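Only one structure is covered here, and it is reproduced in the block below.
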Amino acid sequence: MNCQEMKNIDLANCPELFYGTISPTRRVPESILKYCADTPRWLVRAQCLSGVQIKFFTDAEILSWECEFGEAAREVYTTDIFIDQQLFTLNGPQKHTLQLAAGRKKVVIHLPHLVMLKNYSLQLNSQATLEAIEHNQPKLLICGDSILQGMTCSSPSRASVAIAAEALNMELHNTAIGGVIMDDKLVAAALEIDADVVVTGLGVNDTSHGTSLEVFRRRTVESLRRLAEYGKPALVITPIPTTRSELEDQRKVLADIIRKEVKNFPALTLLDGDSFFPQEDELLCDKLHPNDKGMQVYAAALIQALQKLCKR
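Residue numbers for the sequence shown follow this note's numbering, so the first one is 45 and each next one is one higher.
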């Protein structure tokens, strides 16, 4: 049994340990919170710390992690902790204690991504050192809805954008909000964050909400204009195929509109959902959203597209 004394790490006063945040308790700009304020389920999703990580070096031999959960976007109460790239997935609010090998190691904590956190605490054995990791990675900004937020994967590090950012050695900043209908106001709000590369998904929820083609085209053009004016490499993704026959005709029409309008903005790069995501139930949890396996397929396409984009 562990009898060593432990010390609390005052995370609230260590913003340098956090990646993908505006502050240790917030990942999205205030303008996005205001946009979501009148729709309770959007507001909960906006307040979940999707994509947020805590990173540091330590020589600790004991690490304890504990969360107190609030409202949930999805009941996925998991924290992923990588110790020198070895994954530990911790489930539930109880205190979890890990025995670590001796020596200096890198710790990456992926905070629960689909549930609000009332509180969370990190403890190390009392003699352990902790060293912040320099923020020198290029920043990958994500703007979109549930697929890019990662709302249908089983733990935070399995989201497609988290997989892609890790593979490309980029700092992930995810502003995606599940359920929103993407428009230029949300895109503009996300672009308040200074980043090196932007990924935006358009049209997914318009497919099922009956958005008129005129309105969709107008919002798409304005969103693309804002992305082009941002002046950084930007990737625009069309909706991926579903296996819901009642949605597919509309999805294809909206995807065609995005493809056509992107051509008017040569600074932007298109990633066509039809080109990389097979229309297979095996990759979808509800005939619409990627499951863990589908997230891997999505991530592979993101990685390839971003690699090409960043070489330009």
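Positions of the beta carbon are idealized from the N, C-alpha and C atoms, including for glycine. None of these values were measured; they are calculated from a predicted model.
Select from the options the residue whose C-alpha is nearest the C-alpha of residue i.
i, options, result
"I207", "A343, I53, L271", "A343"
"F100", "W86, R148, L87, Y121", "R148"
"G64", "L314, G338, C92, A349", "C92"
"N335", "G247, R295, S199, I237", "S199"
"L268", "L216, M50, I301, L155", "I301"
"T264", "E119, G254, T244", "T244"
"D228", "E273, K337, E215", "E273"
"I177", "N135, P156, T102", "T102"
"R89", "P322, H154, I153, A220", "A220"
"Q48", "S256, C197, Q167", "Q167"
"S170", "Q193, Q130, I53", "I53"
"T255", "K352, I281, L291", "L291"
"V248", "P283, E266, N218", "P283"
"A146", "A172, M160, Y164", "A172"
"S165", "P137, L315, I191", "P137"
"C197", "L314, K352, V120", "V120"
"I191", "M160, K183, L246", "L246"
With DSSP collapsed to three states, give me the class of residue i.
i, result
"F321", "coil"
"M45", "Confidence in M45 is poor, its pLDDT being 43 and thus under 50, which makes the residue's placement unreliable; the coordinate value appears in the next sentence. Looking at M45 - three-state DSSP - the assignment turns out to be coil, as it is neither helix nor strand."
"N57", "helix"
"V151", "strand"
"K352", "helix"
"A233", "helix"
"I76", "helix"
"V9", "Any answer about residue 9 is impossible in this case: the structure gives the chain only from 45 up to 356."
"S198", "coil"
"K337", "helix"
"V306", "helix"
"Y121", "coil"
"Q265", "This sequence places Val at residue 265; Gln is not what is there. Three-state DSSP puts V265 in a helix."
"E110", "strand"
I'd like the list of long-range same chain contacts for residue i, defined as Cβ closer than 7 Å, with 5 residues on each side in sequence excluded.
i, result
"P68", "L55, A56, P59, F62"
"N213", "Q181"
"K85", "Looking at the sequence shown, residue 85 is not Lys but Arg. So the qualifying residues of the chain are G223."
"K276", "A239, D240, V241, V242"
"K139", "S108, E110"
"S75", "A233, E236"
"L350", "A208, L212, V241, L279"
"K150", "F101, D128"
"L332", "T286, R288"
"P73", "I66, A233, E236, I237"
"L174", "I53, F100, T102, L168"
"L134", "W109, T122, T123, I125, H140"
Just to check my reading of the structure: residue i and residue j have Cβ atoms closer than 8 Å, yes? What is that Cβ distance to the nearest angstrom?
i, j, result
"G223", "D189", "6 Å"
"K162", "G114", "5 Å"
"L158", "A117", "5 Å"
"I186", "L216", "7 Å"
"G317", "L328", "So it is not a contact: roughly 13 Å between Cβ atoms."
"S201", "L131", "7 Å"
"A345", "F309", "About 21 Å separates the two Cβ atoms, so there is no contact after all."
"R71", "N218", "7 Å"
Between residue i and the rest of its own chain, which residues show a CB-CB distance below 6 Å, the 5 nearest in sequence each way excluded?
i, result
"A278", "V242, L271, L312"
"Q193", "S94, A220, G222"
So, is the C-beta of residue i closer than 8 Å to a C-beta in chain C?
i, result
"S267", "Absent from the structure: chain C. Only one protein chain is present."
Apart from the five residues just before and just after residue i, which ones in its own chain have a Cβ nearer than 8 Å to its Cβ?
i, result
"Q97", "F62, Y63, G64, V152, I153, H154, L155, L216"
"H253", "I225"
"P322", "P285, V341"
"L87", "L77, C80, A81"
"E305", "R261, T264, V265, L268"
"D325", "T287, K331"
Quick one: does the C-beta of residue i sit closer than 7 Å to a heavy atom of the ligand MG?
i, result
"T122", "No copy of the ligand MG appears in this structure; indeed no ligand is present at all."
Do the stretch 248-262 and the stretch 297-309 touch if we need at least three Cβ pairs shorter than 8 Å? Short answer: they touch.
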